[in-house]
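Working notes for the structure below.
There are 2 protein chains.
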Amino acid sequence: MATIYDVAKAAGVSAKTVSRVLNSDAPVGRETRRAVEAAMTELGYVPSNAARMMRSNKSGLIGLITGAISTAQEASNPTGLPDLFILQGIQRAIGQSDMTLMIADTNGQSDRVPALIRTFLQHRVEGLIYVAEYHKKVVLPKLPTGVPMVLVNCFDAIGTASILPDDQRGQRDLIAGIIAAGHRRIAYLTLRSSIEATRLRTLGFREALFEAGIDFDPALVRDCDLEDHEGETQLLWDAIDSMLRLPNPPTTFCCGNDAMAMKVYGILRTRGIKVPEDISVAGYDNHRIIAATLYPPLTTVDLPYTAMGVRAAQRLLAMISGTGRDDNSPTLVSGPVYWRNSVTEMRRPNILQLKTVREE
Amino acid sequence: MATIYDVAKAAGVSAKTVSRVLNSDAPVGRETRRAVEAAMTELGYVPSNAARMMRSNKSGLIGLITGAISTAQEASNPTGLPDLFILQGIQRAIGQSDMTLMIADTNGQSDRVPALIRTFLQHRVEGLIYVAEYHKKVVLPKLPTGVPMVLVNCFDAIGTASILPDDQRGQRDLIAGIIAAGHRRIAYLTLRSSIEATRLRTLGFREALFEAGIDFDPALVRDCDLEDHEGETQLLWDAIDSMLRLPNPPTTFCCGNDAMAMKVYGILRTRGIKVPEDISVAGYDNHRIIAATLYPPLTTVDLPYTAMGVRAAQRLLAMISGTGRDDNSPTLVSGPVYWRNSVTEMRRPNILQLKTVREE
DNA sequence: TAAAGGTATGACACCGATGTCATATGACAC
DNA sequence: GTGTCATATGACATCGGTGTCATACCTTTA
Chain A
28 MATIYDVAKA AGVSAKTVSR VLNSDAPVGR ETRRAVEAAM TELGYVPSNA
78 ARMMRSNKSG LIGLITGAIS TAQEASNPTG LPDLFILQGI QRAIGQSDMT
128 LMIADTNGQS DRVPALIRTF LQHRVEGLIY VAEYHKKVVL PKLPTGVPMV
178 LVNCFDAIGT ASILPDDQRG QRDLIAGIIA AGHRRIAYLT LRSSIEATRL
228 RTLGFREALF EAGIDFDPAL VRDCDLEDHE GETQLLWDAI DSMLRLPNPP
278 TTFCCGNDAM AMKVYGILRT RGIKVPEDIS VAGYDNHRII AATLYPPLTT
328 VDLPYTAMGV RAAQRLLAMI SGTGRDDNSP TLVSGPVYWR NSVTEMRRPN
378 ILQLKTVREE
Chain B
28 MATIYDVAKA AGVSAKTVSR VLNSDAPVGR ETRRAVEAAM TELGYVPSNA
78 ARMMRSNKSG LIGLITGAIS TAQEASNPTG LPDLFILQGI QRAIGQSDMT
128 LMIADTNGQS DRVPALIRTF LQHRVEGLIY VAEYHKKVVL PKLPTGVPMV
178 LVNCFDAIGT ASILPDDQRG QRDLIAGIIA AGHRRIAYLT LRSSIEATRL
228 RTLGFREALF EAGIDFDPAL VRDCDLEDHE GETQLLWDAI DSMLRLPNPP
278 TTFCCGNDAM AMKVYGILRT RGIKVPEDIS VAGYDNHRII AATLYPPLTT
328 VDLPYTAMGV RAAQRLLAMI SGTGRDDNSP TLVSGPVYWR NSVTEMRRPN
378 ILQLKTVREE
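Sequence order for the protein chains is A and B. Residues in the first sequence are numbered from 28 upward in steps of one, following this note's numbering. Residues in the second sequence are numbered from 28 upward in steps of one, following this note's numbering.
Set out below in structure tokens:
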């Protein structure tokens, strides 16, 4: 592959002059410029980033570590929404800068992360982004100082900059809206209680109830998420049945995510219960393929993955250019509630009708 | 960031000795090695790929150009199957070599491709992979000689190495199996007739009929794919209705892809027609999220995206190491038919029953 | 007319690795 | 005792760009 010296010789100038043409960082004579450009085209010259980097110590690279590619569409993950959307946001924001994104996939093995980081450091990335598949706490190897890192959808114990979904606010907004529609008995079928999202959303759930002066009823909250898929559907059946058998049954089922809501649709339908006429249902994630396709379309909270990706890239770029904020508190990104037809104004009569149904 | 000289000074040896420890390409004294390794750990030394590359002219990088990330889960694409699976295959195969994969996403703008290629060339990638979102013909800028390229899911006019799905064989195998189940009147609701996959699959469709001695009936083939989504469903209604109204209606509907099959399920159900008791349905793609979730589970042809990715990476690696085949004929990868419950043995009585249904 | 300043260009060192070659030491064989 | 060879190490050039500095020419201004 042609070098700057080949071009210089072909154009009859010094290498430095070719460099000046490339970078326009000093005046070059009109004729000289023409000759150099002709030589470059002729030889198919492309400058070597490696050589550039040697002097400038700037690689123009940003490293991204994720499992989003290898795990996409595989076995369901706890949040159900493909973390790929985070990549899209990052992609979009980085694409508008003059940086190049290097993506490394963990291939599902988190023990490969240190090796990936090492490879990135060899390429002298100017910043790193780590994307987790769902909102969780992580432990990552320490980086040399001078290489900024942003965590997306996760956080660590040592205060590395992070971008997180505002789960608490999302669930609160959803519940507040459902309450405003007249509902008082709202059931919450949660994801695994061990995950961060469940903790925060449950907080938001209770907060909304509290603000509306509604007592929290533990009988209306149930963890319906298992590793095992078979057992999960059974859990849902049990939870729904037992809640419907309560003296004062719920008028709305909020689900840990849209995939769960889809199952709840099926269970309610099998029970002869109509959504939303008899009972309202809400999800979480705004997983478009589910939420907009279900009938009736599902009310759900947007999990702002794309926006989080954009914010992550922006924050990292700011850190690289040194214009970033000093503090390293997490950036919380909140998504709107999408009000669709699965949640409706509560009407007393339906409750009575329901009781009949469930006792038949 | 520490350099090899810093390490050399700290360990009290020459830079070259440190280099020898790094590469184990010449004997180093036991004590010296220990001292050097201690210094490297102490300083957090990571060798610079750029400097390495200057001498060796080997970057260890493979460039991948795709739109799979930015377009994932967006508006449906013609094949319906996320091309992300191709990336997974590539990822897996490259991960087992000592190369690093650089992924660049076009962000949906194909005019960005030349710029992405240029960036890759600046990084002196040792090979390029281009992944198209569905089986099609492409035109790409010419590369400097010495940089091998593999096209996946697409081909060009100048015979660049390519990896393609064997659409013709897939459809032929499917139809042959359906014929073996006793069906004689098989309808084919195709994707846009302008796309390559449709051309090849239609060939396979006719081939299977021919081999079974069944006459091809143009009335049983219809292009049901539009850019516009609303109109598409209407097209399907029309096609299905008119085919069912034939004197000798089809006993199976083969669909251009699984997404279309899903719609056909809905339409047949609305018509009071049971799948598969009354009519069999088959798809294409083996889009797991659809095929295995539908009731009854959908018989479909696997679109071997993961395998294609693996093959692409392997072929590129072979080209880089010079051990590749000389010829540049496309590599055809075929996927198996997944026989699920949506296609069943044909039984005469249902046909009669059907006629009653559709006339009510 | 000389000083000042902008324009246009080249020589050379440098970035951080590694390849080549030279050198020094000790072990072993003859 | 000396030649041979493997082991162990360092000096130095080199890869392809860019930063620094020097130089030469031309125009403008005092």
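Just so you know, even glycine gets a beta-carbon here, dropped at the ideal spot from N, CA and C.
Exercise for review: Just confirm the distance between the C-beta atoms of B/Leu91 and B/Leu128, as a whole number of angstroms; I'd bet it's less than 8 Å.
Suggested key: Confirmed, about 6 Å.
Review point. Name the DSSP bridge partner or partners of A/Lys164?
Key: Assignment of beta-bridge partners to A/Lys164 by DSSP yields A/Phe182.
Point to revise | Assigned secondary structure, A/Ala131 (DSSP; H/G/I helix, E/B strand, else coil) | key: Reduced to three states, the DSSP call for A/Ala131 is strand.
Practice item. Just confirm the distance between the C-beta atoms of B/Tyr292 and B/Thr326, as a whole number of angstroms; I'd bet it's less than 8 Å. Key: Actually they do not touch by this definition, with Cβ atoms about 12 Å apart.
Review point. Whose C-beta lies closer than 7 Å to the C-beta of A/Ser369 among residues of the same chain, with five residues either side of it excluded?
Key: Within its own chain, the residues whose Cβ lies closer than 7 Å to the Cβ of A/Ser369, once the five positions on either side in sequence are excluded, are Val302, Pro303, Ser307, Val308, Ala309, Pro323, Pro324, Leu325, Thr326, listed in chain order.
Point to revise | Interfacial residues, the segment 257-288 of chain B to chain A, with Cβ spacing under 9 Å | key: The residues in question: there are none.
Point to revise | Interface partners of A/Ser97 on chain B, CB under 8 Å | key: A/Ser97 reaches chain B at Gln115, Gln118, Arg119, counting residues in chain order whose Cβ is nearer than 8 Å.
Point to revise | Whether B/Leu343 touches B/Ile156 by CB criterion (8 Å) | key: Result yes, Cβ atoms of B/Leu343 and B/Ile156 sit closer than 8 Å.
Exercise for review: Assign B/Asp252 to buried or exposed, taking buried as 16 or more other Cβ atoms, counted over all protein chains shown, within 10 Å of its Cβ.
Suggested key: Under a 10 Å Cβ-count criterion, B/Asp252 is classified as buried, with 16 or more other Cβ atoms of the shown protein chains found around its own Cβ.
Check your understanding: Can you tell me where the beta strand (DSSP E) with A/Leu79 in it begins and where it stops?
Key -> The displayed chain sequence assigns Arg, not Leu, to residue 79 of chain A. Unbroken run through A/Arg79 is the alpha helix (DSSP H), 76-83; no beta strand (DSSP E).
Review point. Would you call A/Gly258 buried or exposed, if buried means 16 or more other Cβ atoms sit within 10 Å of its Cβ?
Key: Exposed.
Exercise for review: Go ahead and pull the three-state DSSP assignment for B/Ala309.
Suggested key: Strand at B/Ala309.
Check your understanding: Can you find a heavy atom of the ligand ZN that lies under 7 Å from the Cβ of A/Ala78?
Key -> The ligand ZN is not part of the structure shown, which contains no ligands of any sort.
Review point. So, helix, strand or coil for A/Val364, using DSSP?
Key: Here A/Val364 sits in strand by DSSP.
**Study point:** Length of the line joining the Cα atoms of B/Gly87 and B/Met126
**Key:** B/Gly87 and B/Met126: Cα-Cα distance of roughly 5 Å.
Practice item. Please confirm whether A/Ile213 and A/Pro277 have their CB atoms less than 8 Å apart. Key: A contact, by the Cβ cut-off of 8 Å.
**Study point:** Inter-residue Cα distance where the pair is B/Gly122 and B/Arg151
**Key:** For B/Gly122 and B/Arg151, the distance between alpha carbons rounds to 19 Å.
Review point. Nearest to B/Met28 by CA position, among B/Arg47, B/Met67, B/Ala62, is which residue?
Key: When only C-alpha atoms are compared, the closest one is B/Met67.
Check your understanding: Would you report the Cα separation of B/Asp52 and A/Thr217, rounded to the nearest angstrom?
Key -> If you draw a straight line from the Cα of B/Asp52 to the Cα of A/Thr217, it comes to about 57 Å.
Check your understanding: In or out: A/Ile31 buried (at least 16 other Cβ within 10 Å) or exposed?
Key -> Per the 10 Å Cβ criterion, buried.
Check your understanding: Closer than 8 Å, CB to CB, is B/Gln380 near chain A or not?
Key -> Low local confidence applies: a pLDDT of 45 at B/Gln380 is under 50, so the model's placement there is unreliable, and no value is given.
Practice item. Could you have a look at B/Asp329 and say whether DSSP puts it in helix, strand or coil? Key: DSSP, reduced to helix, strand and coil, places B/Asp329 within a strand of the structure shown.
Review point. Rounded to a whole number of angstroms, what is the C-alpha to C-alpha distance between A/Asn377 and A/Thr371?
Key: Note that A/Asn377 scores a pLDDT of 49, beneath 50, so its modelled location is shaky and nothing firm can be said.
Practice item. Answer yes or no: do B/Val63 and B/Ala38 have a C-beta to C-beta separation smaller than 8 Å? Key: One thing to note: B/Val63 has its Cβ within 8 Å of the Cβ of B/Ala38.
Review point. What did DSSP end up calling B/Pro192 once you bin it into helix, strand or coil?
Key: Collapsing the DSSP output to three states places B/Pro192 in a strand.
Exercise for review: Quick one: using the 10 Å Cβ neighbour count with 16 as the cut-off for buried, is A/Gly349 buried or exposed?
Suggested key: Within a 10 Å sphere around the beta-carbon of A/Gly349 sit fewer than 16 other beta-carbons, which makes this residue exposed.
Check your understanding: Among residues of its own chain, excluding the 5 on either side of B/Cys181, which ones have a beta-carbon nearer than 6 Å to its beta-carbon?
Key -> Only Ala159, Lys163, Val165 meet the Cβ criterion.
Review point. For the segment 146-172 of chain A, which residues have a CB atom closer than 8 Å to at least one CB atom of chain B, in sequence order?
Key: Residues Thr146, Leu148, Gln149, His150, Arg151, Pro171.
Review point. Where do the N-terminal and C-terminal ends of the alpha helix (DSSP H) with B/Ile92 fall, by residue?
Key: Here B/Ile92 belongs to no alpha helix (DSSP H); instead the beta strand (DSSP E) covers 88-93.
Check your understanding: In terms of alpha-carbon separation, which member of A/Val328, A/Leu170, A/Ile205 lies closest to A/Pro363?
Key -> Of the candidates A/Val328, A/Leu170, A/Ile205, the one whose C-alpha sits nearest the C-alpha of A/Pro363 is A/Val328.
Review point. Start and end of the alpha helix (DSSP H) containing A/Tyr292?
Key: Its alpha helix (DSSP H) spans residues 285-297.
Practice item. Output, in sequence order along the chain, the residues in the segment 120-141 of chain B whose CB is closer than 9 Å to any CB in chain A. Key: Along the segment 120-141 of chain B, the positions whose C-beta sits under 9 Å from a C-beta of chain A are Gly122, Thr127, Leu128, Met129, Ile130, Ala131, Asp132, Asn134, Arg139, read in chain order.
Practice item. Return the residues of the segment 321-332 of chain B that lie within a Cβ-Cβ distance of less than 9 Å from chain A, sorted by chain order. Key: Residues of the segment 321-332 of chain B with a C-beta atom less than 9 Å from some C-beta of chain A do not occur.
Check your understanding: Measuring CA to CA, which of A/Arg298, A/Arg196, A/Tyr332, A/Asp305 is closest to A/Asn313?
Key -> Selected option, being the one with the closest Cα: A/Tyr332.
Check your understanding: Quick one: what does DSSP say A/Gly336 is sitting in, helix, strand or coil?
Key -> Note: A/Gly336 maps to helix in three-state DSSP.
Exercise for review: Using a cut-off of 8 Å between C-beta atoms, extract the partners of A/Pro74 located in chain B.
Suggested key: Neighbours of A/Pro74 on chain B, chain order: Gln149.
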